[in-house]
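**Student:** Handing you this structure, nothing more for now.
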Amino acid sequence: MFFRRTLLVLITALIASCLFSGIALAKFSAEQLKPLFTDDYDSKVKVIQSLVEDNSIEGLKVLKGLSEETLFSTPKAIVIQKGSQYIDVLSDQAIDVKPEELTGVVLNNQLRAKVDNSLMSLQLGSSDLQVRTKAVEGLSKDPELDNLPLVERLLETEKDPSLKPKVEKLWAMMALQADDVKNKLKAINILGESGDPQVAALLAPLLQQDGEVKIAAENALSKIKKKQFLGEFLGNVIAGFSYGSILLLCALGLAIIYGLIGVINMAHGEFLMVGAYATFVVQSLFRQYLPSYLDWYLVMSIPVAFLAAAILGVLLERTVIQFLYGRPLETLLATFGVSLLMIQGTRTIFGAQNVEVANPSWMSGALQVLPNLVVPYNRMIIFAFAVMVVIATWLVLNKTRLGLFVRAVTQNRNMAACLGVKTKKVDMYAFAFGAGIAGLGGVALSQIGNVGPDLGQSYIIDSFMVVVLGGVGQLAGTVWGAFGLGIASKLMEPFIGAVLAKIAILIFIIIFIQRRPQGLFALKGRSVE
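In our numbering, the protein residues as written are 1384 to 1912.
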């Protein structure tokens, strides 16, 4: 008697466990699956729907076999192909089948979509979080009312805080199609709070209805529009910070060079290009000799790009610039010629086509801030990198002997020379330092844009505007000018276009300089006029 009771308890517990997990025992036979192998569309749909309602392990196997085109009918049984074996769907035993005995299932696009949707609906009961998440995201693309009971069951049991809101949104998209007014109002509220502009198309038809549903739909659409505007605005601001980071890295060195020796260096943008191509070379070397450490190529590119640009800066200063001090027009023409030579030299060495510089894996991906706002990791890292470069530059200029000499020569060259400062060497070191910072800008730019011979030409004019706006030789002015111009440009572009935005900024700077010639931050010193 005790043995019978124990056995009965075990059987009851097993059945309850299956029901609790959402996977029931099979309720269908091989005969019920036979319509799948006919040409009757409606019969196939009924079978697929019954597999969903059955919610069994075997049903899940059948749907997976349909999706992967491995389900076949034989005179003996319905089987699923696994490698070279054929497994009976119901008994889960391998059986011997001749190839000529196999009959496959013909699915059109509608049936294939139905199968995939049904398969994902059964995967909602999986114990694997990734499987459930993938199923929820897949069903959200094509929510069908038939899957509502399974989604409601998942909504009651789901504990993961990251998946729960997605399940609620999926439930709302399905409940919106039902006739229950109470659930429909709740669904409208959930979709409105989500702020997702993609659900606006689901809510728009409800504006034709009367009563509470229409009012709720109007309120929900209003919320979505507000959040959509907020997402677009924040997206433009973030894009402005990203663009401003590159401008800052380019203009920072230019501010040091222009503020120190008054040279209008039209080749400064090409130091950006040098840094970007140095990054490409380091990446190529890592791919060839250190493929297992490829993710760290960008870290090694930073000192390489800085040194490459700095060395070229020294060569340019020693061979051209030092003979043209005090002759701004000739310096401008000479550096413009050097710019063309550097571009052509790059074309000769690397070719005229753009080269590929890939993001390391730790810079790939993005952060979902709002439904219509995704912030890529590479842009966040570049902004942080620009801030670190500014801090390092400030430390060099304010806490080192070289920085002291640079500030002294910038403020009063003659007095610094009288005190024993070798101004020519200071000019050379400062030029190299400014070029090196531009090289670091090339490293950053290689991660968000194309790397080609004309890379620097797109930034040189904007960099000069940053320097003039911020104040010649002023670090704080360069920071404010770079981010200010970057954000203003990106905020105006959606309304007036990129070209008119640049024209508007240029007009603003001209008017601003007429009112305040020294820029945002005035240079201090006895020699300042």
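The C-beta atom is built at its ideal place from N, Cα and C for all residues, glycine as well.
(1) Since I believe residue 1865 is in contact with residue 1875 (beta carbons under 8 Å), could you give me their beta-carbon distance rounded to a whole number of angstroms?
(2) Let me confirm a value: residue 1515 is counted as buried when at least 16 other C-beta atoms fall within 10 Å, else exposed. Which label applies?
(3) What separation, rounded to the nearest whole angstrom, lies between the Cα atoms of residue 1881 and residue 1872?
(4) What would DSSP say about residue 1747, mapped onto helix, strand or coil?
(5) Is DSSP giving residue 1406 helix, strand or coil here?
(6) Could you pull the start and end residues of the alpha helix (DSSP H) that residue 1810 belongs to?
(7) Alpha carbon to alpha carbon, how far is residue 1457 from residue 1465?
(8) If you draw a straight line from the C-alpha of residue 1722 to the C-alpha of residue 1555, how long is it?
(9) Can you look up residue 1839 in the DSSP assignment and give me helix, strand or coil?
(10) Would the region 1676 to 1684 and the region 1833 to 1852 be scored as touching if the rule is three or more Cβ pairs under 8 Å?
(11) Who are the Cβ neighbours of residue 1393 in its own chain at under 8 Å, not counting the five residues just before and after it?
(12) Rounded to whole angstroms, how far is the Cβ of residue 1549 from the Cβ of residue 1519, which I believe are closer than 8 Å?
(13) So what's residue 1545 in DSSP terms, helix, strand or just coil?
(14) Just to confirm, is the Cβ distance from residue 1753 to residue 1617 under 9 Å?
(15) Which two residues bound the contiguous alpha helix (DSSP H) that contains residue 1427?
(16) Here's the rule I'm using: 16 or more other beta-carbon atoms within 10 Å means buried, otherwise exposed. How should residue 1710 be labelled?
(17) Could you spell out the range, first to last residue, of the alpha helix (DSSP H) harbouring residue 1708?
(18) Should residue 1544 go down as buried or exposed, given a rule of 16 or more other Cβ atoms within 10 Å for buried?
(19) Could you tell me the boundaries of the alpha helix (DSSP H) in which residue 1665 lies?
(20) Would residue 1740 and residue 1834 qualify as a contact pair, given that the criterion is a beta-carbon distance under 9 Å?
(21) Looking at the secondary structure, which residues open and close the alpha helix (DSSP H) in which residue 1450 lies?
(22) Mind checking residue 1477: buried by the 16 CB within 10 Å criterion, or exposed?
(23) Quick check on residue 1580: does DSSP put it in helix, strand or coil?
(24) Could you give the C-beta distance for residue 1659 and residue 1838, rounded to a whole number, given that I count them as a contact under 8 Å?
(25) Give me the Cβ distance between residue 1559 and residue 1571, rounded to the nearest whole Å; I'm assuming they're in contact under 8 Å.
(26) Based on the DSSP output, what are the partners of residue 1727 in its beta bridges?
(27) Given residue 1685, which residues of its chain have a CB within under 8 Å of its CB, disregarding the five upstream and five downstream residues?
(28) Determine the closest residue to residue 1758 out of 1620, 1463, 1641, with distance taken between C-alpha atoms.
(29) Quick one, which of 1735, 1512, 1755, 1760 has its alpha-carbon nearest residue 1742's?
(30) Less than 9 Å between CB atoms is the rule here; does residue 1735 satisfy it with respect to chain B?
(31) Excluding five sequence neighbours on each side, which residues of the same chain lie with their C-beta closer than 8 Å to the C-beta of residue 1413?
(32) How far does the alpha helix (DSSP H) with residue 1873 in it extend, from its first residue to its last?
(33) So is residue 1863 buried or exposed if we call it buried at 16+ other beta carbons inside 10 Å?
(34) Can you list, in chain order, the residues of its chain whose CB lies under 6 Å from that of residue 1614, leaving out five sequence neighbours each side?
(35) One question on the structure: do residue 1431 and residue 1501 come within less than 9 Å of each other, judged by their Cβ atoms?
(36) Measuring CA to CA, which of 1525, 1580, 1553 is closest to residue 1535?
**Tutor:** Quick look at the numbers:
(1) The count along the sequence shown starts at 1 and reaches residue 1875 at position 492. The count along the sequence shown starts at 1 and reaches residue 1865 at position 482. Actually they are not in contact, since the Cβ atoms of residue 1875 and residue 1865 sit about 16 Å apart, beyond 8 Å.
(2) What you label residue 1515 is simply residue 132 of the sequence shown in a count that begins at 1. Residue 1515 comes out buried.
(3) Residue 1881 sits at position 498 when you count from the first residue of the sequence shown. Residue 1872 sits at position 489 when you count from the first residue of the sequence shown. In a straight line, the C-alpha of residue 1881 is about 8 Å away from that of residue 1872.
(4) Stepping through the sequence shown from its first residue, residue 1747 is reached at position 364. Three-state DSSP puts residue 1747 in coil, outside helix and strand.
(5) Within the sequence shown, numbered from 1, the residue matching residue 1406 stands at position 23. Caution applies to residue 1406, whose pLDDT of 39 falls short of 50 and renders its modelled position unreliable; the model cannot decide the point.
(6) For the purposes of this step, residue 1810 is taken as residue 427 along the sequence shown, with counting starting at 1. Residue 1810 -> alpha helix (DSSP H) spans 1806 to 1828.
(7) What you label residue 1457 is simply residue 74 of the sequence shown in a count that begins at 1. What you label residue 1465 is simply residue 82 of the sequence shown in a count that begins at 1. The alpha-carbon atoms of residue 1457 and residue 1465 are separated by roughly 15 Å.
(8) Within the sequence shown, numbered from 1, the residue matching residue 1722 stands at position 339. Within the sequence shown, numbered from 1, the residue matching residue 1555 stands at position 172. Rounded to whole angstroms, residue 1722 to residue 1555 spans 59 Å at the Cα level.
(9) Position 456 of the sequence shown, counted from the first residue, corresponds to residue 1839. In the structure shown, residue 1839 sits in a helix (DSSP, three-state: H, G or I).
(10) no
(11) Position 10 of the sequence shown, counted from the first residue, corresponds to residue 1393. Reliability fails at residue 1393, whose pLDDT of 47 lies under 50, so the model's placement of it is uncertain and no value is given.
(12) One-based indexing of the sequence shown puts residue 1549 at position 166. One-based indexing of the sequence shown puts residue 1519 at position 136. About 5 Å; that satisfies the 8 Å criterion.
(13) As a first step, residue 1545 is located in the sequence shown; it is residue number 162 there, counting from the start. Note: residue 1545 maps to coil in three-state DSSP.
(14) Numbered from 1 along the sequence shown, position 370 holds the residue referred to as residue 1753. Numbered from 1 along the sequence shown, position 234 holds the residue referred to as residue 1617. Yes, Cβ-Cβ distance for residue 1753 and residue 1617 is below 9 Å.
(15) Here residue 1427 corresponds to residue number 44 of the sequence shown, with the count starting at 1. From DSSP, the alpha helix (DSSP H) with residue 1427 extends over 1424 to 1437.
(16) Locating residue 1710 in the sequence shown gives position 327, where the first residue counts as 1. Residue 1710 is exposed by the Cβ-count criterion.
(17) Along the sequence shown, one-based indexing puts residue 1708 at 325. Looking at the DSSP string, residue 1708 is not in any alpha helix (DSSP H), and its letter there is neither H nor E.
(18) Start at 1 with the first residue of the sequence shown, and residue 1544 comes out as number 161. Under this definition residue 1544 is an exposed residue.
(19) Mapped onto the sequence shown, residue 1665 falls at position 282. Looking at the DSSP string, the run of the alpha helix (DSSP H) that includes residue 1665 is 1651 to 1672.
(20) Taking the sequence shown and counting its residues from 1, the one referred to as residue 1740 is at position 357. Taking the sequence shown and counting its residues from 1, the one referred to as residue 1834 is at position 451. Yes; because the gap between Cβ atoms is below 9 Å, this pair is in contact.
(21) For the purposes of this step, residue 1450 is identified with residue 67 of the sequence shown, where counting begins at 1. Unbroken alpha helix (DSSP H) run through residue 1450: 1440 to 1451.
(22) Numbered from 1 along the sequence shown, position 94 holds the residue referred to as residue 1477. Flag for residue 1477 reads exposed.
(23) Here residue 1580 corresponds to residue number 197 of the sequence shown, with the count starting at 1. Here residue 1580 sits in helix by DSSP.
(24) To locate residue 1659, count along the sequence shown from 1; it is residue 276. To locate residue 1838, count along the sequence shown from 1; it is residue 455. Contact holds; Cβ gap of about 6 Å.
(25) Residue 1559 sits at position 176 when you count from the first residue of the sequence shown. Residue 1571 sits at position 188 when you count from the first residue of the sequence shown. With a Cβ gap of about 7 Å, residue 1559 and residue 1571 count as contacting.
(26) In the sequence shown, counting from the first residue as 1, residue 1727 sits at position 344. Residue 1727 pairs with nothing; no bridge assigned.
(27) For the purposes of this step, residue 1685 is taken as residue 302 along the sequence shown, with counting starting at 1. Answer for residue 1685: 1823, 1826, listed in chain order.
(28) Against the sequence shown, residue 1758 aligns to sequence position 375. Minimum Cα distance to residue 1758 is reached at 1620.
(29) Within the sequence shown, the letter at position 359 stands for residue 1742. Residue 1760 is the option with its Cα nearest to residue 1742.
(30) No chain B is present in this structure, which holds just one protein chain.
(31) Within the sequence shown, numbered from 1, the residue matching residue 1413 stands at position 30. Same-chain partners within the cutoff: 1460, 1461, 1472, 1473.
(32) In the sequence shown, the residue the question calls residue 1873 occupies position 490. Start and end: 1858 to 1898.
(33) As a position in the sequence shown, residue 1863 is number 480, starting the count at 1. So residue 1863 ends up on the buried side.
(34) Here residue 1614 corresponds to residue number 231 of the sequence shown, with the count starting at 1. Cβ neighbours of residue 1614 beyond the five flanking positions: 1753, 1755, 1756.
(35) Translated into positions along the sequence shown, residue 1431 becomes position 48. Translated into positions along the sequence shown, residue 1501 becomes position 118. Going by C-beta atoms, residue 1431 is nearer than 9 Å to residue 1501.
(36) Here residue 1535 refers to the residue found at position 152 when the sequence shown is read from its first residue. For the residues 1525, 1580, 1553, the minimum Cα distance to residue 1535 belongs to 1553.
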